[in-house]
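Asks: Here it is: the structure, laid out below.
Protein chains: 2
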Amino acid sequence: MRESFRKAGVPLTHQRLAVYEELAARHDHPSAESLYESLRKAYPSLSLATVYKTLQTLHTLGMVSRVDSPTAQARYDAIVATHHHAVCTACGKIEDVFDPSLDRLSAPKTAGFVPAGHSVHFHGLCAKCAKTTDKKKK
Amino acid sequence: MRESFRKAGVPLTHQRLAVYEELAARHDHPSAESLYESLRKAYPSLSLATVYKTLQTLHTLGMVSRVDSPTAQARYDAIVATHHHAVCTACGKIEDVFDPSLDRLSAPKTAGFVPAGHSVHFHGLCAKCAKTTDKKKK
DNA sequence: CTCCTGGTTGATAACTATTATCCGCTAGTA
DNA sequence: TACTAGCGGATAATAGTTATCAACCAGGAG
Ligand SMILES: [Mn+2]
Ligand SMILES: [Mn+2]
Ligand SMILES: [Zn+2]
Ligand SMILES: [Zn+2]
Chain A
-3 MRESFRKAGV PLTHQRLAVY EELAARHDHP SAESLYESLR KAYPSLSLAT VYKTLQTLHT
57 LGMVSRVDSP TAQARYDAIV ATHHHAVCTA CGKIEDVFDP SLDRLSAPKT AGFVPAGHSV
117 HFHGLCAKCA KTTDKKKK
Chain B
-3 MRESFRKAGV PLTHQRLAVY EELAARHDHP SAESLYESLR KAYPSLSLAT VYKTLQTLHT
57 LGMVSRVDSP TAQARYDAIV ATHHHAVCTA CGKIEDVFDP SLDRLSAPKT AGFVPAGHSV
117 HFHGLCAKCA KTTDKKKK
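For the protein sequence lines, the chains are A and B, in the order given.
Note that this note's numbering gives residue 36 to position 40 of the first sequence, counting from 1, and the numbers run on in steps of one.
Note that this note's numbering gives residue 36 to position 40 of the second sequence, counting from 1, and the numbers run on in steps of one.
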């Protein structure tokens, strides 16, 4: 951690550490806003802009990943290893999907395209929302 | 077309027809703004808000699909059949990837998740951008 | 064909997510 | 401990999208 910053020649501030630790402690792929809400209790002087800037910095350093959500609000993840996601279309919950077979999909046959990676986005209903929908149907 | 609207009990207006036809004629997954720019030549009185509302309506009717781009700008597609995308990280170009083997991925093992579908998002450099990058390296 | 009427359009304000600006302050270094 | 480049906080600005609302039109009744 401290190491990653030194290597990149980027100062390690309290705020950066706090943002990273909070993100690493959560597994719900929070948005910048959501992280800010969690952090302001312990760090009342923290600014939302700092959270955004920090997430950008961490992303550039490869220490966090970004999940593009259909809600137009970017969601972040401290897990940078290749993995995939299952998104609930009802509540927006994003769950991790670890499945090595998904990591080795054949590259697209599009002429000239130089692939750098891929991600699989499942959509559907999470356990909780599926239950709620069931009740409605009855 | 006219049929789909009647079935849904939704009035078929000139604007809706125009937006749909323009989208169907293009294969670059345009944004609402981009469609608006194309259409305003032929329909000077068309409003950007109408394009947004129409795309929503068409999407609800299942007549267009939406591609979530990492640029925070939603991109649309008249192709609603299952298919995937290759996104250029340099210029934002979105290309279609038709590959039936990608359509049959195993559903996520996440407990309780009720899958409705999935999409594979390749990222990398399009043919044009890959060439440009090559030149820079030299 | 004409009239009615609820849904739609166009203009624009409002809103949300994100980024830019700017100045006082701090992390890293010696 | 002092220096200074870069950072953080406050806030303005911007981009994309949605809400509002009066005028208008598509589609059905007569
Ligand atoms: Mn994840
Ligand atoms: Mn497509
Ligand atoms: Zn859910
Ligand atoms: Zn490109």
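The beta carbon of each residue, even a glycine, is placed where N, CA and C say it ideally should be.
Please read all numbers here as calculations on a predicted model, not as lab measurements.
How about A:A86: is its Cβ closer than 7 Å to a heavy atom in ligand 3?
Replies: Numbered from its first residue, the first sequence carries residue 86 of chain A at position 90. Under cutoff, so the answer is yes.
Asks: Report back the beta-carbon spacing between A:A112 and B:G120 to the nearest angstrom; my notes put them in contact at under 8 Å.
Replies: As a position in the first sequence, residue 112 of chain A is number 116, starting the count at 1. As a position in the second sequence, residue 120 of chain B is number 124, starting the count at 1. The Cβ separation is near 4 Å, so the contact holds.
Asks: With a cut-off of 8 Å on the beta carbons, I'd call B:F109 and A:A82 a contact; round off their distance for me.
Replies: On the second sequence, position 113 is the one that residue 109 of chain B refers to. On the first sequence, position 86 is the one that residue 82 of chain A refers to. With a Cβ gap of about 5 Å, B:F109 and A:A82 count as contacting.
Asks: State buried or exposed for A:S27, treating a residue as buried only when at least 16 other CB atoms are found within 10 Å of its CB.
Replies: As a first step, residue 27 of chain A must be located in the first sequence, where it is residue number 31. So A:S27 counts as buried.
Asks: I'd like to know whether the C-beta of A:K134 is nearer than 8 Å to at least one C-beta of chain B.
Replies: Residue 134 of chain A sits at position 138 when you count from the first residue of the first sequence. Because A:K134 sits at a pLDDT of 44, beneath the cut-off of 50, its placement in the model cannot be relied upon, and the following sentence gives the value as read from the coordinates. Chain B, which has no Cβ nearer than 8 Å to the Cβ of A:K134, makes this no.
Asks: Is the Cβ-Cβ distance between A:V47 and A:V15 less than 8 Å?
Replies: Residue 47 of chain A sits at position 51 when you count from the first residue of the first sequence. Residue 15 of chain A sits at position 19 when you count from the first residue of the first sequence. Yes, these two residues count as a Cβ contact at 8 Å.
Asks: Can you look up A:S34 in the DSSP assignment and give me helix, strand or coil?
Replies: Taking the first sequence and counting its residues from 1, the one referred to as residue 34 of chain A is at position 38. It is helical.
Asks: Less than 8 Å between CB atoms is the rule here; does B:D64 satisfy it with respect to chain A?
Replies: Locating residue 64 of chain B in the second sequence gives position 68, where the first residue counts as 1. By this cut-off, B:D64 is an interface position.
Asks: Taking 7 Å as the cut-off, is the CB of A:K124 close to at least one heavy atom of ligand 3?
Replies: Here residue 124 of chain A is taken as the residue at index 128 of the first sequence, counted from 1. Because some heavy atom of ligand 3 lies under 7 Å away, the Cβ of A:K124 counts as near it: yes.
Asks: Between the Cα of A:R71 and the Cα atoms of A:G58, A:K105, A:A45, A:K89, which residue gives the shortest distance?
Replies: For this step, residue 71 of chain A is matched to residue 75 along the first sequence. Closest by alpha carbon: A:K89.
Asks: Quick one: is A:C122 near chain B, going by C-beta distance under 8 Å?
Replies: For the purposes of this step, residue 122 of chain A is taken as the residue at position 126 of the first sequence. Answer yes: the Cβ-Cβ gap between A:C122 and chain B drops below 8 Å somewhere.
Asks: Does the Cβ-Cβ distance between B:L57 and B:S0 come in under 8 Å?
Replies: Position 61 of the second sequence holds residue 57 of chain B. Position 4 of the second sequence holds residue 0 of chain B. Closer than 8 Å, so yes.
Asks: Determine which residues of the segment 109 to 120 of chain B have a Cβ less than 7 Å from any Cβ of chain A, and write them out in chain order.
Replies: Flagged, chain order: F109, V110, P111, A112, G113, H114, S115, V116, H117, F118, H119, G120.
Asks: If I measure Cβ to Cβ from A:P104 and keep anything under 8 Å in the same chain, skipping five residues before and after, which residues do I get?
Replies: Here the question's residue 104 of chain A lines up with position 108 in the first sequence. So the qualifying residues of the chain are P111.
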